[in-house]
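In the UniProt record's numbering, the protein residues as written are 1 to 269.
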């Protein structure tokens, strides 16, 4: 999103969890959000219980189309991209250049995230179509842990599914229940290019999945039931109308063509 607009809206129970949970990672400077300690990052709880499903899809092939310098260009201050801007559905390229520009982009994404009261943000939400996300479950600069993930892949998820109310900065004022796995195991790279594997659960897992969906061109209402979508249909239509008024162009998509909930355990478009 050209400027963080993804926000995970927390119900009271989840807010209580967010304020009391233990850190998932050791605190690191923003430029090194995850330690270079090898293929696995030790977490407070590493139980295997509940992991009964795996994704058939593996990491992307090495001949995938990587982002060019032009793809990674941005102009601060970043701005939040609102639905139904087509950038939210566009393909997002993998990253193979880990330099100061990438670190600066991550820093700018954090700045936008905090200014818009978000706890997570993906690059397409600020208009940069690459495989990059940032998040901090605390949602407050200087508190919690700032996490940067590049080229993330989900390779395992729990059978336990939970419903929570989510919101998104690309959908201001709109919230709805979304069903997601409670825990995921992921492989990714940090901002230096170091390869990592990590297990995320509870709030961190939900924020990650919301942001990961953005990297696949999937929006949070794609995961909602028909009944939930019906409850926000009018608000979505208003965003479509606003887009047409602002751009002078027809909306690239319309909620009238909504075809039902996307598979909750699908981590691809």
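Just so it is clear, CB atoms sit at the ideal spot from N, CA and C, and this is done for glycine as well.
{"Item": "Just list the residues that DSSP pairs residue 165 with in beta bridges.", "Value": "177"}
{"Item": "Can you give me the C-alpha to C-alpha distance between residue 227 and residue 193, rounded to a whole angstrom?", "Value": "42 Å"}
{"Item": "On the DSSP letters alone, give me the boundaries of the alpha helix (DSSP H) that residue 131 sits inside.", "Value": "Note, residue 131: premise wrong, no alpha helix (DSSP H); not H, not E."}
{"Item": "For residue 271 versus residue 124, is the C-beta distance shorter than 8 Å?", "Value": "There is simply no residue 271 to check, as the chain begins at 1 and stops at 269 in what is shown."}
{"Item": "Hey, is the segment 190-210 in contact with the segment 225-243, meaning 3+ C-beta pairs nearer than 8 Å?", "Value": "no"}
{"Item": "If you follow the alpha helix (DSSP H) that residue 212 is part of, which residue opens it and which one closes it?", "Value": "202-215"}
{"Item": "With a 10 Å radius around its C-beta and 16 neighbouring C-beta atoms as the bar for buried, classify residue 129 as buried or exposed.", "Value": "buried"}
{"Item": "Determine, using beta-carbon pairs with one atom in the segment 132-150 and one in the segment 92-107, whether at least three such pairs fall under 8 Å.", "Value": "yes"}
{"Item": "Who are the Cβ neighbours of residue 98 in its own chain at under 7 Å, not counting the five residues just before and after it?", "Value": "191, 192, 193"}
{"Item": "Is it a yes or a no for the segment 241-254 touching the segment 204-218, going by three-plus beta-carbon pairs under 8 Å?", "Value": "no"}
{"Item": "State the DSSP-derived secondary structure class of residue 199, mapped to helix, strand or coil.", "Value": "strand"}
{"Item": "For chain C, check one thing: does any of its Cβ atoms lie closer than 8 Å to the Cβ of residue 71?", "Value": "Going by chain labels, chain C is absent from the structure shown, which holds only one protein chain."}
{"Item": "Between residue 212 and residue 186, what straight-line distance do the alpha-carbon atoms span, to the nearest angstrom?", "Value": "11 Å"}
{"Item": "Output needed for residue 177: all residues of its chain with C-beta closer than 6 Å, excluding positions within five of it in sequence on either side, in chain order.", "Value": "163, 165, 228"}
{"Item": "Does DSSP put residue 220 in a helix, in a strand, or in coil?", "Value": "helix"}
{"Item": "Would you identify the three-state DSSP class for residue 74, choosing helix, strand or coil?", "Value": "coil"}
{"Item": "At 3 residues or longer, what runs of the beta strand (DSSP E) sit wholly inside the segment 98-150?", "Value": "120-122, 132-135"}
{"Item": "Helix, strand or coil: how does DSSP classify residue 95 here?", "Value": "coil"}
{"Item": "Looking at the structure shown, is residue 237 part of a helix, part of a strand, or coil, going by DSSP?", "Value": "helix"}
{"Item": "Closest to residue 180 by C-alpha separation, out of 204, 195, 242, would be which residue?", "Value": "204"}
{"Item": "Among 161, 140, 119, which one has its Cα closest to the Cα of residue 208?", "Value": "119"}
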